[in-house]
Amino acid sequence: MDDAYLDAVLEVVAAIPPGHAMTYGGIADVVGAHLGQGGPRQVGQIMSHAGGGVPWWRVVSSAGSPPPRYLSEALRRLAAEACPLTGDGSRVDLRRAAWDPPDDVLGGPEPDNG
DNA sequence: ACCTTGACCTTGG
DNA sequence: CCCAAGGCCAAGG
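Read the first sequence against my numbering and you will find it ends at 116, with the numbers running on by one and no gaps.
Okay, here's the thing in structure tokens:
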């Protein structure tokens, strides 16, 4: 686990817009395609260390289910930004919330400060 | 070097 | 989607 991977994951997660969500595999695929390493497990492993610095609630499993540990809190945040949930309201409807990051999210042209 | 743990994914029923 | 079994990748003891 290099810091480059850590930064890349957090970068993508931070790029997820409100009302949308991404899967661990999706993030791992984007970051993996950029650095050529890592997997869905590594993304989750990082997320656990991430903290509140990133919109972790917009990151869900392939089933659209957020971490049971903060399930209640995640659902509240998701509902707060009008994220498309399932009938149960206990999961994210990836059929609508599924979002894919642009190709310039990682090595993209940063707006920088000046 | 071996086993276990972890905010997982895929395949098959 | 749910359950069950196998795979994948990396870190810790």
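We put the beta carbon where it would ideally sit given N, CA and C, even for glycine.
None of these values were measured; they are calculated from a predicted model.
Problem - Burial state of tyrosine 26, where buried means 16 or more other Cβ atoms lie within 10 Å - result: Label assigned to tyrosine 26: buried.
Exercise for the section: Taking 8 Å as the cut-off, decide whether the C-beta atoms of valine 62 and proline 70 are in contact. Expected result: Taking 8 Å as the Cβ cut-off, valine 62 and proline 70 do not qualify as a contacting pair.
Problem - Straight-line gap, glycine 38 to isoleucine 48 (C-alpha atoms, nearest Å) - result: In a straight line, the C-alpha of glycine 38 is about 17 Å away from that of isoleucine 48.
Handout entry: Among Ala6, Asp4 and Pro20, nearest to tryptophan 101 - alpha-carbon criterion
Key = Nearest in C-alpha terms to tryptophan 101, of all of Ala6, Asp4 and Pro20, is Pro20.
Handout entry: Own chain, CB closer than 7 Å to leucine 80, minus 5 neighbours either side, in chain order
Key = Taking leucine 80 as the centre and dropping the five residues before and after it, the same chain places the C-beta of Trp59, Leu87 and Val94 closer than 7 Å to its C-beta, in chain order.
Practice task
Run the CB neighbour count on glycine 55, radius 10 Å, all protein chains shown included, and call it buried at 16 or more, exposed below.
Solution key: Glycine 55 should be labelled exposed.
Practice task
Could you check what DSSP says for valine 107 in three-state terms: helix, strand or coil?
Solution key: Here DSSP, grouped into helix, strand and coil, assigns valine 107 to coil.
Exercise for the section: Measure from the alpha carbon of serine 92 to the alpha carbon of each residue in Val107, Ser74, Asp4 and Gly40, then state which is nearest. Expected result: For the residues Val107, Ser74, Asp4 and Gly40, the minimum Cα distance to serine 92 belongs to Ser74.
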